[in-house]
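In this text, residue positions in the sequence shown follow our numbering: the first is 320, and each later residue adds one.
A virtual CB, placed ideally from N, CA and C, is assigned to each residue, including glycine.
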Amino acid sequence: MFFDPNRKSPALAYNPIKAIVAPRPIGWISTVSATGVANLAPYSFFNLIADAPFMVMFATSGHKDSFFNAVSSGEFVWNLVSHNLADAMNRTAGTVEAQVDEFELAGLTKAESQTVSAPRVAEALAALECRVDQFIPLKSSIENRYNSMVIATVTCAYVDDSMLKDGMFDTKNAQILARLGYQDYTMVDRVFPLQRPE
Numbered sequence: 320m321f322f323d324p325n326r327k328s329p330a331l332a333y334n335p336i337k338a339i340v341a342p343r344p345i346g347w348i349s350t351v352s353a354t355g356v357a358n359l360a361p362y363s364f365f366n367l368i369a370d371a372p373f374m375v376m377f378a379t380s381g382h383k384d385s386f387f388n389a390v391s392s393g394e395f396v397w398n399l400v401s402h403n404l405a406d407a408m409n410r411t412a413g414t415v416e417a418q419v420d421e422f423e424l425a426g427l428t429k430a431e432s433q434t435v436s437a438p439r440v441a442e443a444l445a446a447l448e449c450r451v452d453q454f455i456p457l458k459s460s461i462e463n464r465y466n467s468m469v470i471a472t473v474t475c476a477y478v479d480d481s482m483l484k485d486g487m488f489d490t491k492n493a494q495i496l497a498r499l500g501y502q503d504y505t506m507v508d509r510v511f512p513l514q515r516p517e
């Protein structure tokens, strides 16, 4: 079947676009507000977009606390979500007042970053400290809801030593969680190599 993804189809219970464009890395973003409150929230639109220098992006609908803090402070930390952190990550997905510390809400530990003021999740097996380069407003088809994208350069990376195997990050053993469509998630549990043609 063909369908207009921007209109509700009677043949579809839910729009499948986010289930089709999957899996997607989870952007578990930590920031600090101007008053010093730590914020932590997951974003399903996140990715690495360049490698010289390394750059990442995350996008949001509406001006959420993590987005506002990242843009106003010019920095944030991306935290890797492993399977064992699924429940904690989900607890940080709720809507709470700006003065609520989501680290405390989810029972997580703050760890000091090296190049930014925002803390990383100590329980996360990897984290990327980032400085914001651009904030890009995006069009929205929903009245009074703003879509925005933040692009940032990675200034420091953290990897738990237990995840290094022969000098490489052990993706399978990290049990990385990824976002699918609807309320679904998946975990990286199978890895295979393909040699690029010359």
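If you compare alpha carbons, which of the options is closest to residue i?
{"i": "valine 369", "options": "Ser432, Val473, Arg464", "result": "Note on residue identity: the sequence assigns alanine, not valine, to residue 369. That would be Val473, whose Cα lies nearest to the Cα of alanine 369."}
{"i": "phenylalanine 377", "options": "Phe454, Ala405, Leu424, Ala446", "result": "Phe454"}
{"i": "methionine 506", "options": "Pro335, Tyr333, Asp323, Pro342", "result": "Pro342"}
{"i": "proline 464", "options": "Thr379, Ile339, Tyr362, Phe387", "result": "Note that residue 464 is arginine in the sequence shown here, rather than proline. Checked all of Thr379, Ile339, Tyr362, Phe387; the closest Cα to arginine 464 is Thr379."}
{"i": "alanine 330", "options": "Phe322, Ala497, Ile336", "result": "Phe322"}
{"i": "leucine 531", "options": "Met320, Pro335, Ser328", "result": "For the chain, the structure presents residues 320 to 517; residue 531 sits outside this window and is missing."}
{"i": "isoleucine 495", "options": "Ala425, Ser401, Val451, Val478", "result": "Ser401"}
{"i": "threonine 354", "options": "Val419, Asp406, His382", "result": "Val419"}
{"i": "valine 469", "options": "Val375, Val340, Ala497", "result": "Val375"}
{"i": "arginine 410", "options": "Asp480, Pro516, Leu424, Asn366", "result": "Leu424"}
{"i": "phenylalanine 488", "options": "Arg450, Cys449, Leu399", "result": "Leu399"}
{"i": "aspartate 452", "options": "Ser352, Ser328, Pro372, Asn403", "result": "Pro372"}
Taking all protein chains shown into account, do 16 or more other C-beta atoms lie within 10 angstroms of the C-beta of residue i, making it buried, or fewer, making it exposed?
{"i": "threonine 350", "result": "buried"}
{"i": "glycine 486", "result": "exposed"}
{"i": "aspartate 508", "result": "exposed"}
{"i": "phenylalanine 511", "result": "exposed"}
{"i": "serine 459", "result": "exposed"}
{"i": "arginine 326", "result": "exposed"}
{"i": "glutamate 421", "result": "buried"}
{"i": "asparagine 388", "result": "buried"}
{"i": "aspartate 513", "result": "A quick correction: the sequence has leucine, not aspartate, at residue 513. That one is exposed."}
Hey, residue i and residue j are a contact pair by Cβ (cut 8 Å); roughly how many whole angstroms apart?
{"i": "glutamate 394", "j": "serine 436", "result": "7 Å"}
{"i": "lysine 429", "j": "alanine 441", "result": "7 Å"}
{"i": "serine 432", "j": "valine 396", "result": "6 Å"}
{"i": "leucine 444", "j": "alanine 476", "result": "That belief does not hold up - the Cβ atoms of leucine 444 and alanine 476 are roughly 12 Å apart, past 8 Å."}
{"i": "alanine 360", "j": "isoleucine 348", "result": "6 Å"}
{"i": "tyrosine 501", "j": "tyrosine 333", "result": "6 Å"}
{"i": "alanine 308", "j": "isoleucine 339", "result": "There is simply no residue 308 to check, as the chain begins at 320 and stops at 517 in what is shown."}
{"i": "leucine 427", "j": "alanine 407", "result": "6 Å"}
So what's residue i in DSSP terms, helix, strand or just coil?
{"i": "threonine 490", "result": "helix"}
{"i": "glutamate 448", "result": "strand"}
{"i": "phenylalanine 386", "result": "helix"}
{"i": "phenylalanine 422", "result": "helix"}
{"i": "lysine 337", "result": "helix"}
{"i": "leucine 399", "result": "coil"}
{"i": "alanine 268", "result": "Residue 268 is absent from the structure shown; the chain starts at 320 and stops at 517."}
{"i": "leucine 427", "result": "coil"}
{"i": "asparagine 409", "result": "helix"}
{"i": "methionine 320", "result": "coil"}
{"i": "leucine 457", "result": "strand"}
Between which residues of its own chain and residue i is the CB-CB distance below 7 Å, once the five residues before and five after are set aside?
{"i": "threonine 320", "result": "Looking at the sequence itself, residue 320 is methionine, so the reference to threonine does not match. Ala330, listed in sequence order."}
{"i": "lysine 491", "result": "Val507, Asp508, Val510"}
In chain order, what residues of the same chain have a beta carbon less than 8 Å from the beta carbon of residue i, not counting five sequence neighbours either side?
{"i": "asparagine 466", "result": "Ala378, Thr379, Ser380, Pro456, Leu457, Lys458, Ser459"}
{"i": "lysine 484", "result": "Asn492"}
Taking 6 Å as the limit between beta carbons, can you name the residues of its chain near residue i, skipping five residues before and five after?
{"i": "leucine 367", "result": "Val375"}
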